[in-house]
Each structure stands twice: as C-alpha cells, then as structure tokens.
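S.K.:
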C-alpha cells in the first residue's frame, strides 16, 4: 500500500474515532459507554499501527534514492518511531471517559478581561452567549443548547485564593463544581449538589420570560478553604427543563490569606465594576 493510501486510511480511522467520541458524549448508558470506549481504544491502536507501518516503509526506501540527498549523513535528521501508547498508559483509565470526547466538542471564547482569560462551553447560543455570565446586568444570562450534561469553564489569568463560589442559575437540577489548581488538571474531588425545582407556573411561561423571572432563580454558594484556583469548572449534569440558564458566577477571596492574595488585589479592584465574576473580600 502506498503512502497516500495509508494516509487516507488513517484519516478514515480518525473520523470514526471522532464520531464514536460524539456518541460517547451524548449517552449516559454505562454499558453503551463501555462498548464505545473499547471501540475507540481499538481504533486508536489500529491508527498507531498504520502510522508505524507508513514510517517503516519510508525507512526501507532503496539505497539509490537515499544517495540523491546531497547532505552528509551527520546533517540528516534523526528518524525515531513515536510511541504515544506509552504516554497514554500513564493516564488513569477512569479519566478516559466523556472528558476525552468533550475535548472535541468545546467552544473557546477568548476575552479581553482583567480577571478571566477564556470561557469554554459545551454549547453555544448567539442570543444568550457564555460571556453573559461575566456581565453585571441582572437580565443577561447564558442559555444552554443541546443535551445534558453541560459545561461552563472559566480560565483565570492568575492564581486566586478563594473562600466561596456562588452560582445563580435557572432550571438546573444537578450541579457540580471543580476548582482546579491547574488549567489542564481536573479536581479529583468535585462538589455536587441538587438544586430545588422551580415553580410550576414558571415551567409553562415563555422561554424569553424564564430568564428574567426572579422566582425561578436559584443561587447556591460553594465554600472552600482558601484553595489556590486557576480555573473554575461548572458542570450541569441534569436539569428540570430542556435547557438551563446561568445568570452569573461570583467568586469570594479568602480574607485569611492576606499575603498570598496580594497579586489578586489589582484584579479585584479592576474587575468588580465590570464583571459579575468579581473577586470580593
């Protein structure tokens, strides 16, 4: 098989892996998820074998073709076989679940904000964008689009020592928060709560009115012990309606860590008047 054929086969495998990741992200059936994860693992191993085969064929080129290169042997780049399987083996099996699929279906919004660097969301709605959670207005909010679970991740520009995180939302049932010490590491001990249901009258109102109805809003405060945080990961596992709404996220700095909070004071002063995600003391 020529190089072009191998490359096309590798691309086909990658498309199959992407589709399986999408199915893995959209289902909650444990048996189906296990089967999908096994198929993804087999396809990844097959793709690695194809890449290695392509590399070996290039290594076995005739000696005459190699002599066409005028560079001396010492100047030629070294050719080594990559072994991603060894690196992947270092990742715990428990982490290779929906988180792997979620990396392929996440929207990243880069902000020119003093406190927040990026906002990552699993769904996007142009009328109710994720940037609304950092607005100070009471009538602005982010609305999900798509199936549960939903994710809303805030990447801070610097480490913040927090005492609590308060989230104001609508139609959210199961809410999980991860406050991570690194932008690339998920907290292994998330905090999970179940919020009360909204009033029956609000369930029959129009979608445009639900976000502005004060009776349907629920605020929950997650308490911490001065944890050093660089990213706030909010996960909505289920809701009381087909969609959910997040009005804002409020972060409170730990008052007992005066020395460690010195770098965040300027962020607190500049962002408190411009964003609902304010670092308050």
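Numbering (the UniProt record's numbering), first residue to last: 1 to 281. All C-beta atoms, glycine included, are put in the ideal place defined by N, C-alpha and C.
Between the region 188-197 and the region 141-160, are three or more C-beta pairs nearer than 8 Å?
M.R.: Result no; under three Cβ-Cβ pairs closer than 8 Å.
S.K.: Answer with buried or exposed for residue 230, where buried requires no fewer than 16 other C-beta atoms within 10 angstroms of its C-beta.
M.R.: By 1-based counting over the chain shown, the position of residue 230 is 230. With 16 or more Cβ atoms within 10 Å of its Cβ, residue 230 is classed as buried.
S.K.: Indicate the three-state DSSP secondary structure (helix, strand or coil) for residue 140 in the structure shown.
M.R.: As a working mapping, residue 140 is identified with position 140 in the chain shown. When secondary structure is reduced to three states using DSSP, residue 140 falls in the coil class, being assigned neither helix nor strand.
S.K.: So, are the CB atoms of residue 13 and residue 37 less than 8 Å apart?
M.R.: What you label residue 13 is simply residue 13 of the chain shown in a count that begins at 1. What you label residue 37 is simply residue 37 of the chain shown in a count that begins at 1. For residue 13 and residue 37, no; Cβs fall outside 8 Å.
S.K.: For residue 59 and residue 7, what's the separation of their Cα atoms in angstroms?
M.R.: Indexing the chain shown from 1 puts residue 59 at position 59. Indexing the chain shown from 1 puts residue 7 at position 7. Straight-line measurement puts the Cα of residue 7 at about 16 Å from the Cα of residue 59.
S.K.: For residue 253 and residue 159, I'd like the C-alpha separation in whole angstroms.
M.R.: By 1-based counting over the chain shown, the position of residue 253 is 253. By 1-based counting over the chain shown, the position of residue 159 is 159. Straight-line Cα distance between these residues: approximately 11 Å.
S.K.: From residue 218 to residue 168, what does the alpha carbon distance come to, in whole angstroms?
M.R.: Position 218 of the chain shown holds residue 218. Position 168 of the chain shown holds residue 168. In a straight line, the C-alpha of residue 218 is about 6 Å away from that of residue 168.
S.K.: Given a threshold of 16 other Cβ atoms within 10 Å of its Cβ, counted over all protein chains shown, does residue 248 qualify as buried or as exposed?
M.R.: Taking the chain shown and counting its residues from 1, one reaches residue 248 at position 248. Note on residue 248: 16 or more other CB atoms within 10 angstroms of its CB, so buried under the neighbour-count rule.
S.K.: Go to residue 134, then tell me how far its beta strand (DSSP E) extends in each direction, as first and last residue.
M.R.: Within the chain shown, numbered from 1, the residue matching residue 134 stands at position 134. Run containing residue 134: none; DSSP gives neither H nor E here.
S.K.: Let's test the definition: count the other Cβ atoms within 10 Å of the Cβ of residue 199 and tell me whether it reaches 16, buried, or not, exposed.
M.R.: Walking along the chain shown from the start, residue 199 turns up at place 199. By the neighbour-count rule (16 or more Cβ atoms within 10 Å), residue 199 is not buried but exposed.
S.K.: Answer with buried or exposed for residue 235, where buried requires no fewer than 16 other C-beta atoms within 10 angstroms of its C-beta.
M.R.: Start at 1 with the first residue of the chain shown, and residue 235 comes out as number 235. It is buried - the Cβ of residue 235 has at least 16 other Cβ atoms within 10 Å.
S.K.: If residue 33 and residue 20 are in contact, beta carbons under 8 Å, what's the gap, nearest whole angstrom?
M.R.: One-based indexing of the chain shown puts residue 33 at position 33. One-based indexing of the chain shown puts residue 20 at position 20. Contact doesn't hold; Cβ gap of about 11 Å is too wide.
S.K.: Among the residues of its own chain, which have a CB less than 7 Å from the CB of residue 87, if the five just before and after it don't count?
M.R.: Your numbering for residue 87 matches position 87 in the chain shown. Note that residue 87 scores a pLDDT of 45, beneath 50, so its modelled location is shaky; the value from the coordinates is reported in the next line. Here the set comprises nothing.
S.K.: Here's the rule: buried if 16 or more other CB atoms are within 10 angstroms of the residue's CB, otherwise exposed. What is residue 216?
M.R.: Within the chain shown, residue 216 is the residue found at index 216, counting from 1. Buried is the call here.
S.K.: Using a Cβ-Cβ cutoff of less than 6 Å, which residues in the same chain neighbour residue 155 once the five nearest sequence positions on both sides are dropped?
M.R.: For the purposes of this step, residue 155 is taken as residue 155 along the chain shown, with counting starting at 1. Cβ neighbours of residue 155 beyond the five flanking positions: 117, 118, 183, 231.
S.K.: In the structure shown, what three-state DSSP assignment does residue 12 receive?
M.R.: As a working note, residue 12 is residue 12 in the chain shown. In this structure, residue 12 counts as helix in the three-state DSSP scheme.
S.K.: What three-state label does DSSP hand residue 128 in the structure shown?
M.R.: Here residue 128 refers to the residue found at position 128 when the chain shown is read from its first residue. If DSSP states are grouped into helix, strand and coil, residue 128 belongs with coil.
S.K.: Measure the C-alpha to C-alpha separation of residue 98 and residue 28 and round it to an integer number of angstroms.
M.R.: Taking the first residue of the chain shown as 1, we reach residue 98 at position 98. Taking the first residue of the chain shown as 1, we reach residue 28 at position 28. Confidence at residue 98 is low in this model, with a pLDDT of 49, below 50, so the placement of that residue should be treated as unreliable; the coordinate-derived value is given next. So the two alpha carbons sit approximately 10 Å from each other.
S.K.: Give the DSSP-derived three-state secondary structure of residue 247 in the structure shown.
M.R.: Here residue 247 is taken as the residue at index 247 of the chain shown, counted from 1. Residue 247 falls in the strand class under three-state DSSP.
S.K.: Could you give the first and the last residue of the continuous alpha helix (DSSP H) run that contains residue 42?
M.R.: Stepping through the chain shown from its first residue, residue 42 is reached at position 42. Start and end: 30-59.
S.K.: Going by other Cβ atoms of all chains shown within 10 Å of its Cβ, with 16 needed for buried, is residue 144 buried or exposed?
M.R.: For the purposes of this step, residue 144 is identified with residue 144 of the chain shown, where counting begins at 1. So residue 144 counts as buried.
S.K.: Would you mind reading off the limits of the beta strand (DSSP E) that contains residue 171?
M.R.: Numbered from 1 along the chain shown, position 171 holds the residue referred to as residue 171. From DSSP, residue 171 is part of no beta strand (DSSP E); its letter is neither H nor E.
S.K.: Could you tell me how far apart the beta carbons of residue 9 and residue 50 are, in whole angstroms, since I believe they sit closer than 8 Å?
M.R.: In the chain shown, counting from the first residue as 1, residue 9 sits at position 9. In the chain shown, counting from the first residue as 1, residue 50 sits at position 50. Indeed, because the Cβ distance is near 6 Å, the residues count as touching under 8 Å.
S.K.: Between 221, 173, 54, which lies nearest to residue 242 when the distance is taken from Cα to Cα?
M.R.: Numbered from its first residue, the chain shown carries residue 242 at position 242. Taking only the C-alpha atoms, the option nearest residue 242 is 173.
S.K.: On the three-state DSSP scale, how would you describe residue 23?
M.R.: Position 23 of the chain shown, counting from 1, holds the residue named residue 23. If DSSP states are grouped into helix, strand and coil, residue 23 belongs with the helices.
S.K.: Compare the C-alpha of residue 239 against each of 4, 171, 251, 56 and name the closest.
M.R.: On the chain shown, residue 239 is found 239 positions in, with the first residue counted as 1. Closest option to residue 239, Cα to Cα, is 171.
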